[in-house]
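Remarks on the structure that follows.
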Amino acid sequence: MNRLLVLELIRKHRPVSRAELSKLAKMSATAIGRIVGDLIEGGLVQETDQFSSGVGRKATMLDIVNHSIISAGVEIDRNVLKIGLVDLDGSILAQVQHSLTPPASQPEPLAGLIAESLSELAESKGLALSKFTGVGIGMPGVMDTASGKAVVSAQLGWSDVPFAPMLQDKLGLPVVLDNDLKVKALGESGTAALSEENKTVLISIGSGVGSAIVIEGKIYRGANNIAGEIGHSTIDPNGKLCECGKRGCLQTYITDLAMLQEANQIKPVASVDELFALMKSGESWAYNIIDRACTYIAITINNVVCTYNPDTIIITGHFIDSHPDILDKVRGKLKEFIWEPFVGTFKLTRSQLGDQAVVIGAAKLALQQYLGNGLQ
Ligand SMILES: [Zn+2]
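Written out as structure tokens, the structure is:
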């Protein structure tokens, strides 16, 4: 993490001297010297011209080596595969998207497709794939990041698939695999180590409800990498039966399906967008369903705030991303539901990176892993 911090400081203040870095990073000159040495040796940072700094002294300036730091980010979902080449600024240099239908969505063919697409993308940009820092993958389900195994992904119908090692064998590059929401939160949480917003919780509402926590640039995983699975937190022990077999889980209140099930008691409604349109056209029952969902989103935010005391909460998911009014509605409810000591302690926002967040976050995870693993 110190390497990442120093690298980001160089990026932000380029060109910058070691002495300035030491001040900015609040690290000793010795520590900075060692980390900068590693970064230069790894070909990520270079010494540039000398500039005068203060009276009669010249300092060697440091700069990022252009295109030296490229990571690949991959998003795998039930029907779509997205691959992007991402630089240190978190900008996507090149990207490609494929539709996934069986058998392409099976592990072996999918690993082949990713490897092939990455080679093509790198070639299109005149970059050497072998120089990439690594490949990060975000996909839905429970992931064992340490072993690179997809433990279970209901969306893809996978269980116990050692997908990261499989792809690593094909590419000869380090591959890191994580849950899509976790890397999304990492992508959204700003510049990893330096972000002002350094305790971020992302809450996603769609086919399920989940959250992910990023603390000071690192994903908080819990003991089994399933921290943040709030969809099955109990709201009401006498509530509706959930697919997990328990009653009154949070996801029986605010998923798209939960809203549509209620709506269909009145009339056939195919999507949450249709429900939203019905609310806009003055249907009071549609208003009630959405209003209740917003109430439970506000309750969820209060519970998250009480648990983690974050400085930033991002709420995302198709329904929220495509209907900005929902966020205002939730904000209105917060006045009623946030416990007083937490009022004004956090910022509530929508996703800033939209549908690129997983790719960018996955690439960032690959970079973090690379810097943590040394610069050989
Ligand atoms: Zn449940």
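Whatever position you read off the sequence shown (first residue = 1), add 38 for the working numbering. Using N, Cα and C, we set each Cβ at its ideal position, and we do this for glycine too.
Residue burial is scored here from C-beta neighbours: phenylalanine 357 has at least 16 other C-beta atoms within 10 angstroms and is therefore classed as buried.
For isoleucine 364, same chain residues with a beta-carbon under 6 Å away, outside a window of 5 residues either side, are Ile358 in chain order.
At a Cβ-Cβ threshold of 8 Å, leucine 391 and isoleucine 398 count as neighbours. Put simply, the segment 250-260 does not touch the segment 158-176. Fewer than three CB pairs are less than 8 Å apart.
Proximity to tyrosine 346 across Gly186, Thr383, Ile292 peaks at Thr383, based on C-alpha coordinates. In terms of Cα proximity to lysine 120, the closest of Ile102, Pro275, Leu148 is Leu148. Under DSSP, threonine 354 shares a beta bridge with Ser242. The three-state reading of DSSP puts alanine 336 in helix, counting H, G and I together.
Relative to ligand 1, histidine 270 has its C-beta within less than 7 Å of a heavy atom. Counting the other Cβ atoms within 10 Å of the Cβ of arginine 41 gives 16 or more, which makes it buried. Residue pairing for asparagine 217: DSSP places it in a beta bridge opposite Met177.
In the three-state DSSP reduction, lysine 373 falls in the helix class (H, G or I). The closest CA to that of glutamine 299, considering only Lys278, Ile152, Gly283, is found on Lys278. Along the segment 242-274, the beta strand (DSSP E) occurs as fully enclosed runs of 3 or more residues at 247-253, 256-258, listed in sequence order.
Just measuring C-alpha positions, the residue of Thr238, Asp218, Asn217 sitting nearest serine 227 is Thr238. If you check the CB distance, threonine 293 and serine 245 come in under 8 Å. Runs of the alpha helix (DSSP H) lying entirely within the segment 66-118, each at least 4 residues long, are 67-79 in chain order. Counting C-beta pairs with one atom in each stretch, the segment 200-215 and the segment 302-309 have fewer than three that are closer than 8 Å, which means they do not touch.
DSSP, reduced to helix, strand and coil, places threonine 171 outside both helices and strands of the structure shown, so it counts as coil. Taking 8 Å as the cut-off, the beta carbon of isoleucine 352 is found closer than this to the beta carbon of serine 389. Fewer than three pairs of CB atoms, one per stretch, sit closer than 8 Å, so the segment 111-125 makes no contact with the segment 67-76.
Spatial neighbours of phenylalanine 380 in its own chain (CB-CB distance under 8 Å, excluding positions within 5 residues in sequence) are listed in chain order as Asn340, Val343, Cys344, Asn347.
Contact between leucine 313 and isoleucine 328 holds, since their C-beta atoms are separated by about 7 Å, short of 8 Å. Under the DSSP assignment, serine 60 falls in the alpha helix (DSSP H) whose first and last residues are 56-63. Contact check for leucine 126 against arginine 56 fails: the beta carbons are separated by 8 Å or more.
Closest by C-alpha distance to glycine 248, out of Cys287, Gly225, Leu211, Val214, is Cys287. According to the DSSP assignment, serine 137 belongs to the beta strand (DSSP E) that extends over 130-137. Closer than 7 Å to some heavy atom of ligand 1: that does not describe the Cβ of lysine 278. Across the structure, valine 396 and glutamine 133 are spaced so that their CA atoms are roughly 13 Å apart.
Under the 10 Å beta carbon count, glycine 195 is surrounded by fewer than 16 other beta carbons and is classified as exposed. Assignment of beta-bridge partners to arginine 285 by DSSP yields Leu279. In the DSSP assignment, lysine 187 falls within the unbroken beta strand (DSSP E) covering 187-191. In the DSSP assignment, aspartate 127 falls outside any beta strand (DSSP E) and carries neither an H nor an E. From the listed residues Gly210, Glu58, Asn217, the smallest Cα separation to alanine 188 is found for Asn217. Cα atoms of glutamine 193 and serine 322: separation of roughly 34 Å, rounded to the nearest angstrom.
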